[in-house]
Amino acid sequence: MFNMFLTESRKLWLIWTVLQLVAVCISESPTCYHLDGTPFPNDGTPLPGGNLNKWVPCNPDHNISHCCNGVDLCLDNGLCMDFGPAGGVGDRLFTLQGCTDPNWGPPCPQYFAEDPNKVPGADGRVLLWACSYDSGGEYCVGTPKLYGAVGTWDASCCADASRRIKTIPWFRSIHLAMDPSQRIEVWQGNNAGSEDRSSDGQGNDGKASQSSNGTSAGVGVVIGVLGALFAFCQWQFPKWRILRLLRFVFKKIRQRKFSRAQAANDLEEGIHRVSTRSMGRGYDVESQTSYERSYRDSPRESLDIGLASRA
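Under mature numbering (1 follows the signal peptide of the UniProt record, and there is no 0), residues -27 to -1, 1 to 284 are what the sequence shown spells out, in order.
Shown next as structure tokens:
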């Protein structure tokens, strides 16, 4: 009986220790700030039974990073895609949410660096509409009075040319804000492989500028190492063992590609899942007319992507 009591005590102590470590990690997470420099409320917790509405840095390993709600999607151009529950349905809209630097220095987005306090929604989340379907389209800033009610959001700001923004690049990668380790690379039509955007503060991938040279050098090293390894195996082992090894390696590569493609399919299915809930009046830039919008109209407009990992 005494031994059983000790065992239960150890379990309780272990659970308490884990909870304390999680609490320390939460308390040390960087504060995220609105575009006007005011902090977001840090009211979230990943503990069981708590809510997940916490703003987190999209690149926690960087000194400065843009922030998104923990259940939203981080885009590498500094924006967020609202994917959390809004009235029970993820709204799939682009927003500019937060930065770990209250002054919004690079690599946080510099789209409104000239006068951030005049941007509608600077004290909350800046709502951005894609005014066209193609990846080279323009965006506009929605009005903050419409932000609180999902059913009244619309794209009427696209009708005013003075409110359109042309400096926002399309994105190349996407991941859940609370899990930056699981990134999915995407491509957007003619903008695939476009120039790096981190140098001018337009993107948020501070390490992208060295990726091209680093990749080339890495490929050369890998080829050299594989060549040396193959030569050693050919000298040390019988030929049939080398063939078995190669078959095993190629099998693992195929399995990994299949897993990645499956993950891409799952994400695309979630993004393109539609609902018929009303979104108020929309605006067609081509015909200059307004129309009734619903979620059935919006997924392709909100995120018109192809997933490179499916190739």
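Backbone N, C-alpha and C fix where the C-beta goes; we use that ideal spot for every residue, glycine too.
Would DSSP call residue i helix, strand or coil?
| i | result |
| --- | --- |
| S146 | strand |
| C47 | strand |
| N76 | coil |
| residue 289 | With the chain covering -27 to 284 only, the question about residue 289 has no answer from this structure. |
| C130 | helix |
| I157 | strand |
| M54 | strand |
| P12 | strand |
| C5 | coil |
Quick one: what's got a C-beta closer than 6 Å to residue i's C-beta in the same chain, skipping five residues either side?
| i | result |
| --- | --- |
| F144 | L48, D49 and N50 |
| D88 | none |
| A134 | none |
| P153 | none |
| W77 | none |
| P75 | Y6 and G10 |
| A95 | L8, D9 and P89 |
| S146 | D49, R156 and E158 |
Within the continuous beta strand (DSSP E) that includes residue i, where are the two ends?
| i | result |
| --- | --- |
| H39 | H39 to N42 |
| P30 | W28 to P30 |
| F67 | F67 to L69 |
| V114 | Y112 to V114 |
Looking only at its chain, what residues have a beta carbon closer than 8 Å to the beta carbon of residue i, apart from the 5 residues adjacent to it on each side?
| i | result |
| --- | --- |
| Y84 | G51, L69, I138, T140, I141 and Q175 |
Just tell me which of the options has its CA closest to the CA of residue i.
| i | options | result |
| --- | --- | --- |
| V29 | E111, L149 and P93 | L149 |
| Y6 | D34, Y112 and C40 | C40 |
| D55 | C81, I37 and K27 | K27 |
| C81 | S146, H35 and M151 | H35 |
| N42 | K91, C104, P93 and G97 | G97 |
Given residue i, which residues of its chain have a CB within under 7 Å of its CB, disregarding the five upstream and five downstream residues?
| i | result |
| --- | --- |
| R136 | C113, V114 and C130 |
| P33 | P153 |
Query raised in the report: What runs of the beta strand (DSSP E), each 3 residues or longer, lie entirely inside the region 77 to 104?
Result: For the region 77 to 104, whole beta strand (DSSP E) runs of length 3 or above, ordered along the chain, are 99 to 103.
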